[in-house]
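Since the structure comes first, as structure tokens, the remarks are kept for the end.
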């Protein structure tokens with residue numbers, strides 16, 4: 008059936024009938040509508056951030072607010088100095104950095120024996136890790152804050168980081184990568200008398216660099232954007248809050264200045280956007296969703 | 003390959019950090035949190051350093067008679083309305099960008115940008131859109147569609163705030179599901195589509211008769227993910243409305259968070275009990291999802 012369909016359908020595909028052009032136009036028209044919906048908030052925020060507010064006017068003057076006549080970068084400098092944005096950027100970098108390093112370390116260590124050895128209890132550990140994907144987590148944040156308090160980690164960066172670094176996503180991603188390393192390589196290393204730690208650090212990790220990069224990038228973006236958990240852990244130490252939490256405080260300030268807020272929001276968005284543009288293919292593969 | 007004691011020891015040494023962290027921060031909270039749901043714990047008791055006190059089903063009785071909890075649970079169930087809309091729209095968008103035409107890579111990337119946007123940034127930007135003087139009212143006015151009574155703040159109105167918050171969830175989600183559906187679409191043989199074209203099926207018919215049935219496994223997965231996420235919605239509410247106005251956006255997890263952390267009368271026991279109720283509802287919904295899709299499949303065969 009497929010052969011018939013194909014040979015018959017081909018001439019229809021080749022010909023540029025007006026109906027086909029019309030359909031393509033409809034497709035692009037629909038896509039443009041979705042595009043406006045998806046990116047409009049960013050475009051407007053960018054316009055606000057670039058507006059020279061000394062000329063007067065509010066962000067609700069249309070269409071001037073969407074098409075600023077005089078552009079300036081002063082809002083970026085202003086939000087950076089008056090709100091000591093550097094402090095919050097550093098907090099974000101510190102939390103995200105520790106989380107990425109911790110996740111890569113813990114995930115690869117755990118994934119290595121799961122990919123390479125058969126040992127008693129392996130099935131059970133597998134089942135437990137899979138279970139974390141489906142178990143209900145509605146009250147986890149309550150107990151975890153109590154635990155952090157007892158450990159003296161509530162209100163610290165470490166307290167934000169530690170509970171989030173062990174996860175099924177990272178472990179399975181790294182296990183899959185390790186399984187792809189040819190066993191002949193590992194046997195050769197073992198004959199040469201290399202220890203397991205050497206095999207892991209000298210053979211496995213260099214050969215699985217793409218997966219490490221993928222896990223690192225996903226972790227980085229997720230952590231950079233995370234709001235609820237860091238807000239909860241650092242609620243009593245506002246000076247340690249990351250950008251994602253601080254940017255909302257900007258809004259609540261008494262000398263609320265939307266132009267500065269827009270600039271601050273963009274400062275937070277730009278690193279994520281650059282990472283996304285650089286590693287677009289990774290996100291488009293839907294890797295995250297495969298296990299999430 | 004038989005396990006040597008050396009390999010076993012080594013395996014557990016490598017696994018130790020992950021297992022310890024999972025035990026302390028994933029499994030222990032589950033067990034202890036469930037236990038707390040049946041205890042009195044919080045407020046004065048917590049301040050004095052006393053242990054939780056077993057009270058049986060008391061917390062659940064309190065919940066049933068608390069109108070705020072019932073409202074919050076109802077709002078969370080109402081929030082599930084976003085699921086079918088989000089899934090169908092994401093699938094439709096995936097179909098739109100799946101053809102290899104010029105510019106498609108750009109559209110895909112642009113639609114994904116809201117997914118990698120922090121919920122706090124989304125709150126900053128969408129509050130301007132929804133503001134009384136914001137772009138939503140402005141564009142509705144241009145189209146002569148502004149509702150009676152003129153411009154109003156969409157997040158300050160108890161009739162619209164709920165839907166406004168939901169739209170932000172939709173905005174942050176459709177690119178994510180679009181990518182999952184794109185992966186699924188690649189599994190549909192092109193012959194099927196071509197045969198449907200040959201049979202004179204319109205694009206609309208092809209979507210409902212070919213794409214949707216062929217994509218059923220992916221749709222099930224995405225619907226499941228999206229159902230659980232919608233039932234647990236908290237962040238959007240917290241950053242956009244805080245549950246107001248008039249509790250119109252107060253969701254079940256907002257209730258849990260608020261009982262445990264807001265105000266001076268924090269009550270971990272009651273909050274945990276509410277969390278347990280949500281977990282049970284989530285489980286029932288997951289089972290219902292599976293049943294629904296299985297029956298639909300069985301009916302057509």
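Protein chains in written order, with this note's numbering: chain A, 8 to 299; chain B, 3 to 303. By construction, the Cβ of each residue, glycine as well, lies at the ideal position given by its N, Cα and C atoms. Note that the coordinates shown come from a computational prediction; the quantities given were computed from them, not determined experimentally.
- The continuous alpha helix (DSSP H) containing residue 253(A) extends over residues 250–259.
- Contact between residue 31(B) and residue 150(A) holds, with the beta-carbon distance rounding to 4 Å and staying under 8 Å.
- A check of alpha carbon separations from residue 233(A) across 154(B), 110(B), 237(B) identifies 237(B) as the nearest.
- The criterion of a C-beta distance shorter than 7 Å is not satisfied by residue 173(A) and residue 231(B).
- Under the three-state reduction of DSSP output, residue 219(A) falls in the helix class.
- DSSP places residue 94(A) inside the alpha helix (DSSP H), whose first and last residues are 92–123.
- Assigned with DSSP and collapsed to three states, residue 44(B) falls in strand.
- Taking 7 Å as the CB threshold, residue 19(B) lines the interface with chain A.
- Residue burial is scored here from C-beta neighbours: residue 263(A) has fewer than 16 other C-beta atoms within 10 angstroms and is therefore classed as exposed.
- Beta-bridge analysis with DSSP links residue 55(B) to 42(B).
- For residue 237(A), no Cβ of chain B is located within less than 7 Å of the residue's own Cβ.
- Per DSSP, residue 53(A) is one residue of the alpha helix (DSSP H) stretching across 25–57.
- Residue range 205–208 is occupied by the alpha helix (DSSP H) that includes residue 208(B).
- Rounded to the nearest whole angstrom, the C-alpha separation of residue 145(A) and residue 91(B) is 28 Å.
- Three or more beta-carbon pairs separated by less than 8 Å link the stretch 33–42 of chain B to the stretch 272–292 of chain B, which places the two stretches in contact.
- Counting only the Cα atoms, residue 82(A) lies some 60 Å from residue 194(A).
- If you check the CB distance, residue 112(B) and residue 272(A) do not come in under 7 Å.
- A residue is called buried once 16 or more other Cβ atoms fall within 10 Å of its Cβ, and residue 205(B), having fewer, is exposed.
- DSSP assignment within the stretch 154–240 of chain A yields the following whole alpha helix (DSSP H) runs of 4 residues or more, N-terminal first: 164–168, 175–186, 190–198, 216–232, 235–240.
- Approximately 7 Å separates the beta-carbon atoms of residue 227(A) and residue 282(A); this is inside 8 Å, confirming the contact.
- Put simply, of 102(B), 114(B), 167(B), 108(B) the residue whose alpha carbon is nearest the alpha carbon of residue 133(B) is 167(B).
- Here residue 155(A) is buried: its Cβ has 16 or more other Cβ atoms, across all protein chains shown, within 10 Å.
- Residue 125(B) sits buried, since 16 or more C-beta atoms from the chains shown fall within 10 Å of its C-beta.
- Here residue 203(A) is buried: its Cβ has 16 or more other Cβ atoms, across all protein chains shown, within 10 Å.
- Put simply, of 49(A), 127(A), 266(A) the residue whose alpha carbon is nearest the alpha carbon of residue 14(B) is 127(A).
- Collapsing the DSSP output to three states places residue 246(A) in a helix.
- Sorting 99(A), 125(A), 159(A) by C-alpha distance to the C-alpha of residue 8(B) places 125(A) at the top.
- Taking 7 Å as the CB threshold, residue 283(A) lines the interface with chain B.
- Annotated three-state conformation of residue 269(B) is strand, per DSSP.
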